[in-house]
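Converting from the sequence shown to the numbering used here requires adding 133 to each position, the first position being numbered 1. From the three backbone atoms N, C-alpha and C, an ideal C-beta is built for every residue, glycine too. Remarks on the structure that follows.
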Amino acid sequence: MPSPQQARAQASAITSGRTAPETEQSPTSRLRELFDGPRLSPGQRRIAQYLIEHITEAAFLSITDLAERVGVSQPSVTRFAAAVGFSGYPALREQLQSIALATLGSAPGTPAPDRSNELQAAVDAEIENLENLRRDFADPDQVIEIGRALSRSAPLTVLGLRISGALAEYFAYAARRIHPDVRLVTKGGTVAYDALLQSREAGGTWVLAFSMPRHAQETLTALRVARGAGLKIALVTDLGLGPLADEAAAVFAIGTGSRLVFDSYAAPVMMSSALLQAMTDADPERTQARLEAYEQVSEQQQFFLRG
Numbered sequence: 134m135p136s137p138q139q140a141r142a143q144a145s146a147i148t149s150g151r152t153a154p155e156t157e158q159s160p161t162s163r164l165r166e167l168f169d170g171p172r173l174s175p176g177q178r179r180i181a182q183y184l185i186e187h188i189t190e191a192a193f194l195s196i197t198d199l200a201e202r203v204g205v206s207q208p209s210v211t212r213f214a215a216a217v218g219f220s221g222y223p224a225l226r227e228q229l230q231s232i233a234l235a236t237l238g239s240a241p242g243t244p245a246p247d248r249s250n251e252l253q254a255a256v257d258a259e260i261e262n263l264e265n266l267r268r269d270f271a272d273p274d275q276v277i278e279i280g281r282a283l284s285r286s287a288p289l290t291v292l293g294l295r296i297s298g299a300l301a302e303y304f305a306y307a308a309r310r311i312h313p314d315v316r317l318v319t320k321g322g323t324v325a326y327d328a329l330l331q332s333r334e335a336g337g338t339w340v341l342a343f344s345m346p347r348h349a350q351e352t353l354t355a356l357r358v359a360r361g362a363g364l365k366i367a368l369v370t371d372l373g374l375g376p377l378a379d380e381a382a383a384v385f386a387i388g389t390g391s392r393l394v395f396d397s398y399a400a401p402v403m404m405s406s407a408l409l410q411a412m413t414d415a416d417p418e419r420t421q422a423r424l425e426a427y428e429q430v431s432e433q434q435q436f437f438l439r440g
């Protein structure tokens, strides 16, 4: 009898293309498409990131207020609007307002739903992150493509420093069940450099990196080392723009929960599971063989409680 993991691997293969006409892009995805094309200056990236993170409020700001919030000049906002393809800030704001209204799901002035306490508000925010991710998954082609690439990379390096180390450890633990050579890097500095360079010398082609707030300078340095060595980077982060994303060949920008003292990562964990599923789909025979071998060992050594 197959294990639960084997059964899921056989039954949950990801299919390519949009399968449900009711799904639509999330507001954050629409904003990323709007801002990702042009080559933006650092100041313009700050404006873009502020709009992505505060769309429901920022879409209704005057040019003066937006410039003050971001810490740039009014002409910088005007130049940003032109850089992303608009005749000026009023035209950009009109587009932003339509996206903001889609986020709110109602007209301006509609009161927010009642929330009885801050813990429930935090759960509501995570549900919204998962809903955005669900809309992004309406077209899973990028997930499938990167899953195949990660599956083929031998060794496969998984990088996560500081608080992002927990996500990297989760992914690496599961990936080792289906991939023959997964190398986990959770320490920065020269330790990370050595691991990345050795991975490339051993034939590795990809690094899967996790970077959650607060984003570490040493993560950026490690990504630059990886890229300089010839490794391609798939990045799971909360930022679709900025220096970390600039180093990556593929970026999965996923919302994190920030309503409590420490962030929560329901959507990034779901993204990790989706990439793992795509890896199992990429080589089903290897997946099956490895899961069967693992089940035999776990049974012999009694890894798990019976019940």
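Figure out for me which residue from 260, 177, 202 and 235 has the closest Cα to the Cα of residue 376. What you label residue 376 is simply residue 243 of the sequence shown in a count that begins at 1. If we check each option's Cα against that of residue 376, 177 comes out closest.
Below-9 Å beta-carbon distance, residue 165 vs any chain D residue: The structure shown contains no chain D, having only a single protein chain.
Name, in chain order, the residues that DSSP records as bridge partners for residue 365. Within the sequence shown, numbered from 1, the residue matching residue 365 stands at position 232. In the DSSP output, where bridge partners are listed per residue, residue 365 has 339.
For residue 386: DSSP bridge partner residues: As a working note, residue 386 is residue 253 in the sequence shown. Paired residues: 370.
Do the segment 365 to 379 and the segment 335 to 349 meet, that is, are 3 or more Cβ pairs less than 8 Å apart? yes
Residue 319, DSSP secondary structure in three states: Position 186 of the sequence shown, counted from the start, is the residue given in the question as residue 319. Three-state result, residue 319: coil.
Would you call the segment 260 to 269 in contact with the segment 294 to 305, where contact means no fewer than 3 C-beta pairs closer than 8 Å? no
For residue 437, is the classification buried or exposed, using 16 other Cβ atoms within 10 angstroms of its Cβ as the cut-off for buried? In the sequence shown, the residue the question calls residue 437 occupies position 304. Result: exposed.
In the DSSP assignment, find the beta strand (DSSP E) that holds residue 290 and state where it starts and stops. The sequence position of residue 290 within the sequence shown is 157, counting from 1. Here the beta strand (DSSP E) through residue 290 covers 289 to 293.
Is the number of C-beta pairs between the segment 425 to 433 and the segment 314 to 329 that are closer than 8 Å three or more? no
Does the segment 328 to 337 come close enough to the segment 306 to 313 that 3 or more CB-CB pairs lie under 8 Å? no
Can you name, in chain order, every residue of its own chain whose Cβ lies under 6 Å from the Cβ of residue 171, other than the five neighbours on each side? By 1-based counting over the sequence shown, the position of residue 171 is 38. Excluding positions up to five away in sequence, the list reads 216 and 217.
C-beta atoms of residue 192 and residue 226 nearer than 9 Å: Counting from 1 along the sequence shown, the entry for residue 192 is found at position 59. Counting from 1 along the sequence shown, the entry for residue 226 is found at position 93. Taking 9 Å as the Cβ cut-off, residue 192 and residue 226 qualify as a contacting pair.
Could you tell me which of 285, 181 and 407 sits nearest to residue 204, measuring between CA atoms? Translated into positions along the sequence shown, residue 204 becomes position 71. Answer by Cα proximity: 181.
Determine, using beta carbons only, whether residue 305 and residue 315 come nearer to each other than 9 Å. As a position in the sequence shown, residue 305 is number 172, starting the count at 1. As a position in the sequence shown, residue 315 is number 182, starting the count at 1. A contact, by the Cβ cut-off of 9 Å.
How would you write the range of the alpha helix (DSSP H) that residue 284 sits in, first residue to last? Mapped onto the sequence shown, residue 284 falls at position 151. Residue 284 -> alpha helix (DSSP H) spans 274 to 285.
When DSSP labels each residue in this structure, what does residue 220 get in the three-state scheme? The residue you call residue 220 lines up with position 87 of the sequence shown. Coil, per DSSP.
Let me confirm a value: residue 415 is counted as buried when at least 16 other C-beta atoms fall within 10 Å, else exposed. Which label applies? Taking the sequence shown and counting its residues from 1, one reaches residue 415 at position 282. Residue 415 is buried by the Cβ-count criterion.
Whole-angstrom distance between residue 433 and residue 439, CA atom to CA atom: Here residue 439 corresponds to residue number 306 of the sequence shown, with the count starting at 1. Here residue 433 corresponds to residue number 300 of the sequence shown, with the count starting at 1. About 13 Å.
Return the CA-CA distance between residue 250 and residue 390, expressed in angstroms with no decimal places. By 1-based counting over the sequence shown, the position of residue 250 is 117. By 1-based counting over the sequence shown, the position of residue 390 is 257. C-alpha separation (whole angstroms): 15 Å.
Inter-residue spacing [alpha-carbon to alpha-carbon] between residue 340 and residue 357: Taking the first residue of the sequence shown as 1, we reach residue 340 at position 207. Taking the first residue of the sequence shown as 1, we reach residue 357 at position 224. Computed Cα separation, rounded: 12 Å.
Under a Cβ-count criterion, where at least 16 other Cβ atoms within 10 Å of its own Cβ denotes burial, should residue 374 be classed as buried or exposed? Position 241 of the sequence shown, counting from 1, holds the residue named residue 374. Classification of residue 374: buried, given that the 10 Å Cβ count is 16 or more.
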